[in-house]
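Visitor: Taken in order, the sequence shown gives residues 3 to 384; the numbers are from my numbering.
By construction, the Cβ of each residue, glycine as well, lies at the ideal position given by its N, Cα and C atoms.
Sending over a structure as structure tokens; questions will come in a sec.
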Amino acid sequence: MDFVLGGEHESIRRAARDLVERQIEPRASALDISGEFPWENARDLAGLGYFGLHVPEEYGGLGADSLALALVIEEIARGCASTALMYEVHCSLCSESILKFGTDEQKRKYLPALASGEALGAFALTEPGAGSDAGSLQTVATLKGDHYVLDGRKCFITNGNTAGAIVIFAITDKTKGVKGISAFIVEKGFPGFKPGRVEDKMGLRASSAAEIFLDGCIVPRENLLGEEGEGFKVAMTSLEAGRIGVAAQATGIAQAALEAAAGYAKRRVQFNQPISGFQAIQFMLADMATDIEASRNLYQKAAWMHAQSMRCAKEAAMAKMFASSMAVRHCADAIQIHGGYGYMREFKVERYLRDAKVTEIYEGTNEIMKVIISGQALREIS
Ligand SMILES: Cc1cc2nc3c(=O)[nH]c(=O)nc-3n(C[C@H](O)[C@H](O)[C@H](O)COP(=O)(O)OP(=O)(O)OC[C@H]3O[C@@H](n4cnc5c(N)ncnc54)[C@H](O)[C@@H]3O)c2cc1C
3 MDFVLGGEHE
13 SIRRAARDLV
23 ERQIEPRASA
33 LDISGEFPWE
43 NARDLAGLGY
53 FGLHVPEEYG
63 GLGADSLALA
73 LVIEEIARGC
83 ASTALMYEVH
93 CSLCSESILK
103 FGTDEQKRKY
113 LPALASGEAL
123 GAFALTEPGA
133 GSDAGSLQTV
143 ATLKGDHYVL
153 DGRKCFITNG
163 NTAGAIVIFA
173 ITDKTKGVKG
183 ISAFIVEKGF
193 PGFKPGRVED
203 KMGLRASSAA
213 EIFLDGCIVP
223 RENLLGEEGE
233 GFKVAMTSLE
243 AGRIGVAAQA
253 TGIAQAALEA
263 AAGYAKRRVQ
273 FNQPISGFQA
283 IQFMLADMAT
293 DIEASRNLYQ
303 KAAWMHAQSM
313 RCAKEAAMAK
323 MFASSMAVRH
333 CADAIQIHGG
343 YGYMREFKVE
353 RYLRDAKVTE
363 IYEGTNEIMK
373 VIISGQALRE
383 IS
């Protein structure tokens, strides 16, 4: 057992940290205010080849593993959580689905463009009436000769208005419940594909959460991802990777909050001494540092399991649930340590709290994480 990152992982993490500190973090506040999509950050990440970090070299990627990907997500989130979400959905949900379930032809067609960043990826499962209960989705796909016709509406889709390739879930057989759901690779240019409203959000303001309308959308038969009826499995398998990414994202946000809080506590003088001298502040910082370390260990273990091709639904759910709740709690602590200044836009900690909140919600709420974890615990323990 080795708790030190190996050479390759460490150099990937360092390169990400360097890019984030030079380019990505300095843009984060302005992007939060403007709500503009982080295109420049996407170009910088593409420049390092990081959109294809975990894509095998034969498909144009760097061939690194899931642990490397999670480390990079944490580093990006430490600087700009909106960019981390855009990146995480692209890699852990869209490219991952194609990597795991695509035919060789599909991989050759879509992965090189996704790996280079020429096309952004998205993953469209949620609908207005189907969130936690994703199996109740209403979008239908009807086979007509050599193509499927997709009709329905998706909502809250990250990169939904900016992606070139979107993995979309729809019912192909109403009589079979979740076994009647299928996955498709849809290009933004397919007839009948239309992005709708982009949501005005509390946090992660530079990421986009968009509606998608599928109005008789024509999808070639060869773009079915996996077998017909395998869509729910595609979604749940990819979400395992996605939840590791969300846990890494939450860890990165909390790390940024800890650094801001500790730095401020050393500079802020009250009662003739830096507030870092008060035990109340020291104890908050101790709890933050400990919980961040625990989160990091949880997501890194889940990522390591994923990299060994082990199922890790429980470990990914634990990592996501723990990391997201601790990020919300400790971003609030970071504001507390800043006092009234922490509530002001001028300081970054208020953004960290707004950005952290949604990590408890997307890619499965923390209540759903508890359903997954308890379900497995009940099966494992006799
Ligand atoms: C910023 C953002 C980005 C997103 N990006 C994407 C994306 O890229 N692709 C995509 O497909 N989706 C995306 N989503 C959707 C997201 O995954 C859903 O919002 C999430 O799964 C919850 O669904 P819901 O919002 O419908 O809430 P609901 O499912 O309506 O949940 C409401 C409340 O009820 C609770 N609840 C529901 N069922 C149970 C249960 N069985 N037991 C206990 N409690 C329960 C929930 O935990 C929650 O507290 C995004 C959402 C946001 C906010």
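Are Cys219 and Val151 touching if we call contact CB-CB under 8 Å?
Guide: On the sequence shown, position 217 is the one that residue 219 refers to. On the sequence shown, position 149 is the one that residue 151 refers to. Yes, these two residues count as a Cβ contact at 8 Å.
Visitor: Determine, using beta-carbon pairs with one atom in the segment 42-54 and one in the segment 80-95, whether at least three such pairs fall under 8 Å.
Guide: Enough Cβ pairs lie closer than 8 Å, so yes.
Visitor: Indicate the three-state DSSP secondary structure (helix, strand or coil) for Gln310 in the structure shown.
Guide: Translated into the one-based positions of the sequence shown, residue 310 becomes position 308. Three-state DSSP puts Gln310 in coil, outside helix and strand.
Visitor: Could you check how far apart the C-beta atoms of Asn163 and Ala121 are, in whole angstroms? I think they sit under 8 Å.
Guide: Position 161 of the sequence shown, counted from the start, is the residue given in the question as residue 163. Position 119 of the sequence shown, counted from the start, is the residue given in the question as residue 121. Not a contact, Cβ separation roughly 14 Å.
Visitor: Any idea if Met328 is buried or exposed, counting beta-carbon neighbours within 10 angstroms, 16 or more meaning buried?
Guide: For the purposes of this step, residue 328 is identified with residue 326 of the sequence shown, where counting begins at 1. Looking at its Cβ environment, which holds 16 or more other Cβ atoms inside 10 Å, Met328 is buried.
Visitor: Looking at the structure shown, is Gly154 part of a helix, part of a strand, or coil, going by DSSP?
Guide: Taking the first residue of the sequence shown as 1, we reach residue 154 at position 152. Here Gly154 sits in strand by DSSP.
Visitor: In the DSSP assignment, what residue or residues form a beta bridge with Glu120?
Guide: The residue you call residue 120 lines up with position 118 of the sequence shown. In the DSSP output, where bridge partners are listed per residue, Glu120 has none listed.
Visitor: Below 8 Å, how does it come out for the segment 191-209 and the segment 116-130: are there three or more Cβ pairs, yes or no?
Guide: With a cut-off of 8 Å, the segment 116-130 and the segment 191-209 do not count as touching, because too few Cβ pairs lie within range.
Visitor: For ligand 1, is there any heavy atom lying closer than 7 Å to the beta carbon of Thr367?
Guide: Counting from one through the sequence shown, the residue named residue 367 turns up at place 365. The answer is yes for Thr367.
Visitor: Count the other CB atoms, across all protein chains shown, that sit within 10 Å of the CB of Val271; report buried if there are 16 or more and exposed otherwise.
Guide: Position 269 of the sequence shown, counted from the start, is the residue given in the question as residue 271. Burial call: exposed.
Visitor: Heavy atom of ligand 1 less than 7 Å from the Cβ of Gly37, yes or no?
Guide: Taking the sequence shown and counting its residues from 1, the one referred to as residue 37 is at position 35. No - ligand 1 has no heavy atom lying nearer than 7 Å to the Cβ of Gly37.
Visitor: At 3 residues or longer, what runs of the beta strand (DSSP E) sit wholly inside the segment 166-207?
Guide: Correct list: 167-173, 183-189 and 195-200.
Visitor: Between Ala321 and Ala304, which are expected to be in contact by the criterion C-beta below 8 Å, what is the C-beta distance as a whole number of angstroms?
Guide: Within the sequence shown, the letter at position 319 stands for residue 321. Within the sequence shown, the letter at position 302 stands for residue 304. With 8 Å as the limit, Ala321 and Ala304 qualify as a contact, their Cβ atoms being about 5 Å apart.
Visitor: Would you kindly check if the distance between the Cβ of Ala256 and the Cβ of Ile294 is under 8 Å?
Guide: The sequence position of residue 294 within the sequence shown is 292, counting from 1. The sequence position of residue 256 within the sequence shown is 254, counting from 1. Yes, the pair counts as a contact, with Cβ atoms nearer than the cut-off.
Visitor: Assess contact between the segment 103-111 and the segment 225-232, defined as three or more Cβ pairs (one per stretch) separated by less than 8 Å. Is contact present?
Guide: Judged by Cβ distances under 8 Å, the segment 103-111 makes contact with the segment 225-232, as three or more pairs qualify.
Visitor: Is DSSP giving Val22 helix, strand or coil here?
Guide: Locating residue 22 in the sequence shown gives position 20, where the first residue counts as 1. It is helical.
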